[in-house]
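Residue 27 in the working numbering is what sits at position 22 of the sequence shown, and the numbering runs on without skipping anything.
Below: one structure, written as structure tokens.
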Amino acid sequence: MARIRLFIDHPLGAGQPVPLDGDQAHYLSGVMRLAPGDLIEVFNGRDGAWSACLVAASKRGGLLDVLEQVAPQRDPPDLWLLFAPIKKARTDFIVEKAAEMGAARIQPVQTDHTNSDRIRRDRLQAHAVEAAEQCGGTFVPPVADLVPMSRLLDGWDASRRILWADEAMAGPSQTLAGLPRGPWAILIGPEGGFSEAERGRLSSLPYVSRISLGPRILRADTAAVAALALWQAALGDWR
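Below, the structure is given as structure tokens:
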């Protein structure tokens, strides 16, 4: 496997020339010190992973020549992560780990106690791309715009169940044995927890399952990783 991996938003196939923008060309030639003829691995989230040869690189752009497929496309299970944005570095961490751990979609939600009323979606998407490049994945989860949780639930498709990591249930850890497979979303609340009104609504929804993540109350970023690992081990592609 090539040491350097790069996400390319371009069709990939044997003999396919692929243009590089200025940032990509600078990364390969200026940061990683590659020269024409050196090999890297590329993926576009649709066509698997491919080896590619660097043809040219300059400040204005560059060119790759795609050689052969080295790994098939591997899509994650149909799992979304819903979370309330927290401090910048910790929000970045949540997005990075969700991409690494196989979330198919990352949806920031604004709750009654959310600390931030805006996000930089483009920056978070870039973190998801970097995580996929580094972990050997061939899929990059889309990061959606921040939406109020009430609006999200108003239009929710009940066929997608929600696993609510409820901090109020801190206690003995639980398994997901008996829960159905299929489309799911994991819901992680804000640092201050959900409001009583939000808790009441979530508790009333038939497609929401509450779960404890153990005897300690976890930070939101830690809870996201724990819940993703629990779901993947029981219902996802870690089985």
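For glycine and all other residues, C-beta sits at the position ideal for the given N, C-alpha and C.
Open item on the list: For residue 210, report the span of its alpha helix (DSSP H) as first-last.
Closed with: It is not in any alpha helix (DSSP H) - residue 210 carries neither H nor E in the DSSP assignment.
Open item on the list: With three or more C-beta pairs closer than 8 Å as the rule, is the segment 46 to 64 touching the segment 86 to 96?
Closed with: Not touching, per the Cβ criterion.
TODO: Could you name the residues that DSSP lists as bridge partners for residue 215?
DONE: Beta-bridge partners of residue 215 (DSSP): 169.
Task: Complete beta strand (DSSP E) runs within the segment 58 to 90 (minimum length 3 residues, chain order) - done: Counting whole runs of 3 or more residues, the segment 58 to 90 contains the beta strand (DSSP E) stretches 66 to 76, 84 to 88.
Open item on the list: Below 8 Å, how does it come out for the segment 51 to 67 and the segment 21 to 33: are there three or more Cβ pairs, yes or no?
Closed with: A contact exists between the segment 51 to 67 and the segment 21 to 33.
- [ ] Report, in whole angstroms, the separation of the C-beta atoms of residue 188 and residue 165, which I expect to be a contact under 8 Å.
- [x] 4 Å
Task: Where the beta strand (DSSP E) containing residue 98 begins and where it ends - done: Not the beta strand (DSSP E): residue 98 falls in the alpha helix (DSSP H), residues 93 to 106.
Open item on the list: Which residue marks the beginning of the alpha helix (DSSP H) containing residue 110, and which one marks its end?
Closed with: Taken as a continuous stretch (DSSP letters only), residue 110 belongs to no alpha helix (DSSP H), being part of the beta strand (DSSP E) at 110 to 115.
Task: residue 217 versus 180, 134, 116, residue with shortest Cα-Cα distance - done: 180
- [ ] Count the other CB atoms, across all protein chains shown, that sit within 10 Å of the CB of residue 112; report buried if there are 16 or more and exposed otherwise.
- [x] buried
TODO: Just confirm the distance between the C-beta atoms of residue 143 and residue 76, as a whole number of angstroms; I'd bet it's less than 8 Å.
DONE: 6 Å
- [ ] Compute the distance between the beta-carbons of residue 194 and residue 159, then report whether it is under 9 Å.
- [x] no
Task: Element boundaries [alpha helix (DSSP H), containing residue 137] - done: 126 to 140
Task: CB contact flag (residue 207, residue 169, <9 Å) - done: yes
Open item on the list: So, at 7 Å on beta carbons, what are the nonlocal neighbours of residue 126 in its own chain, with the 5 sequence-adjacent residues on each side left out?
Closed with: 148, 150
Task: C-beta contact flag for residue 102 and residue 233 at 9 Å - done: yes
TODO: Measure the C-alpha to C-alpha separation of residue 131 and residue 242 and round it to an integer number of angstroms.
DONE: The alpha-carbon atoms of residue 131 and residue 242 are separated by roughly 24 Å.
Open item on the list: With the cut-off set at 9 Å, would you say residue 108 and residue 81 are in Cβ contact?
Closed with: A contact, by the Cβ cut-off of 9 Å.
TODO: Would you identify the three-state DSSP class for residue 6, choosing helix, strand or coil?
DONE: Residue placement at residue 6 cannot be trusted, given a pLDDT of 43 that sits under 50; what the coordinates show is reported in the next sentence. Annotated three-state conformation of residue 6 is coil, per DSSP.
Task: Nearest residue (CA-CA) to residue 152, options 198, 124, 14 - done: 124
Task: Classification of residue 36 by the beta-carbon crowding that lies within 10 angstroms, buried from 16 upward - done: exposed
Open item on the list: Between residue 29 and residue 53, how many whole angstroms is the CB-CB distance? I'm expecting something under 8 Å.
Closed with: Not confirmed; about 19 Å, so no contact.
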